[in-house]
Amino acid sequence: MSLHLFKRKFAAVAAFSLPLMAFNTYADTPLSKPMGFSQVLTFMGSGVINITKSEPFPGVTGCLGTLCTSDYFYTHIMGFNEQQVAQKREDAVAYFNQEFGIDVKTLVAQKRIELKPYTGNPDGEYRLYSVAGMNLPAAGWIVRDGGFYITVLDKGGIPLGGRHSGETATPKNQMYYGNYNILATSPPHQLKEIVISYESNEMAVISPDGLRTTFNTRTHNERWGEGQSYVSYEFKLNGDKTVLTNGREVMTFAKYPATRDFPDYPSFAMKGDAYPH
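Residue numbers (mature numbering (1 follows the signal peptide of the UniProt record, and there is no 0)): -27 to -1, 1 to 250.
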């Protein structure tokens, strides 16, 4: 989920039904599924973003870091028409209202928050690198990312309600509602799409210098059901006005394992031989 906007001295940087194993021609020894989970995925973002390029890919505009204020994801990747994009926006507003107990439209009108569409910056190179039960190519699978997000403008903060009653959202918080569209590849040139929806169930927390962020989301996939994702990002500014991205994400289906009946052997106190180097 390459979703972070950040500011520094340079600028304002800010239905899957395919049987996966049948599609996995890379596998030697597939990764085991952790006990109690239907699926576990790991992602990384290791790209280089030029903060002077507002359009790093034709049609992906308004890029101020890993987020681009563009609806390219919905119109081009997902193939939605105007009415479908508008419905997605309404769905996002309804979710933010319910989850965080805020009146989004009123706060936007008061200019206390912003609600914008986003497409993940392609130069962030966000990719899926592992799926339990499979071996993916070393380059991973490209993750296309987009949705709607909230940024708080009110320096005094926005009091929250609902499940977050007693919390306050500040300009160092964001909230996301979107989708992943993962382009799964198999030699020589087969392509399939994996779609995962996600929504913030906690606020994203951005560091004071804007170079680190963490967040987690509730996820859903038609094949794997409900899940949970945890994301961490760091950014390194270079002198040539580029930024190195360093993102990590673990996504599990479901949020909690179905069993905790771990084996008795080996026990916690046992010792073993030195592991060969």
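Even for Gly, the Cβ is constructed at its ideal location relative to N, Cα and C.
1. For residue 153 and residue 32, what's the separation of their Cα atoms in angstroms?
2. Quick check on residue 95: does DSSP put it in helix, strand or coil?
3. Of the choices 148, 168 and 214, whose alpha-carbon is the least far from that of residue 196?
4. Report yes if the C-beta distance between residue 16 and residue 150 is below 8 Å; otherwise report no.
5. Considering only DSSP beta bridges, list what residue 192 is partnered with.
6. Where in the region 82 to 170 do unbroken runs of the alpha helix (DSSP H), each at least 4 residues long, occur, reported from the N-terminal end onward?
7. Report the rounded CA-to-CA distance for residue 130 versus residue 141, giving the unit in angstroms.
8. With DSSP run on the structure shown, which of helix, strand or coil describes residue 37?
9. When you compare only the Cα positions, how much space is there between residue 18 and residue 184?
10. Can you give me the C-alpha to C-alpha distance between residue 203 and residue 179, rounded to a whole angstrom?
11. Which residues does DSSP list as the beta-bridge partners of residue 177?
12. With DSSP collapsed to three states, give me the class of residue 42.
13. The beta strand (DSSP E) that contains residue 222, what's its start and end?
14. Helix, strand or coil: how does DSSP classify residue 238 here?
15. Mapping the DSSP letters down to three states, classify residue 208 as helix, strand or coil.
16. Inspect the CB distances between the region 223 to 231 and the region 43 to 61 and report whether three or more fall short of 8 Å.
17. Can you name the start and end residues of the alpha helix (DSSP H) that residue 16 belongs to?
On the basis of the data shown:
1. In the sequence shown, residue 153 corresponds to position 180, counting from 1. In the sequence shown, residue 32 corresponds to position 59, counting from 1. The alpha-carbon atoms of residue 153 and residue 32 are separated by roughly 18 Å.
2. By 1-based counting over the sequence shown, the position of residue 95 is 122. Helix at residue 95.
3. Numbered from its first residue, the sequence shown carries residue 196 at position 223. Out of 148, 168 and 214, 168 has the C-alpha closest to the C-alpha of residue 196.
4. On the sequence shown, position 43 is the one that residue 16 refers to. On the sequence shown, position 177 is the one that residue 150 refers to. Contact: no.
5. If you number the sequence shown from 1, residue 192 lands on position 219. DSSP links residue 192 through a beta bridge to 171 and 200.
6. Taking only runs of at least 4 residues, no alpha helix (DSSP H) segment lies wholly in the region 82 to 170.
7. On the sequence shown, position 157 is the one that residue 130 refers to. On the sequence shown, position 168 is the one that residue 141 refers to. Their Cα atoms are separated by approximately 6 Å.
8. As a first step, residue 37 is located in the sequence shown; it is residue number 64 there, counting from the start. Coil, per DSSP.
9. Position 45 of the sequence shown, counted from the first residue, corresponds to residue 18. Position 211 of the sequence shown, counted from the first residue, corresponds to residue 184. Our two residues, residue 18 and residue 184, have alpha carbons roughly 14 Å apart in a direct line.
10. Reading the sequence shown from its first residue, position 230 is the one you call residue 203. Reading the sequence shown from its first residue, position 206 is the one you call residue 179. Their Cα atoms are separated by approximately 14 Å.
11. Residue numbering aside, residue 177 sits at position 204 when the sequence shown is read from its first letter. Paired residues: 147.
12. In the sequence shown, the residue the question calls residue 42 occupies position 69. Coil, per DSSP.
13. The count along the sequence shown starts at 1 and reaches residue 222 at position 249. From DSSP, the beta strand (DSSP E) with residue 222 extends over 215 to 226.
14. As a working mapping, residue 238 is identified with position 265 in the sequence shown. It is coil, neither helix nor strand.
15. Counting from 1 along the sequence shown, the entry for residue 208 is found at position 235. Assigned with DSSP and collapsed to three states, residue 208 falls in strand.
16. No, they do not touch.
17. Taking the sequence shown and counting its residues from 1, the one referred to as residue 16 is at position 43. Looking at the DSSP string, residue 16 is not in any alpha helix (DSSP H); the run it does join, the beta strand (DSSP E), is 12 to 18.
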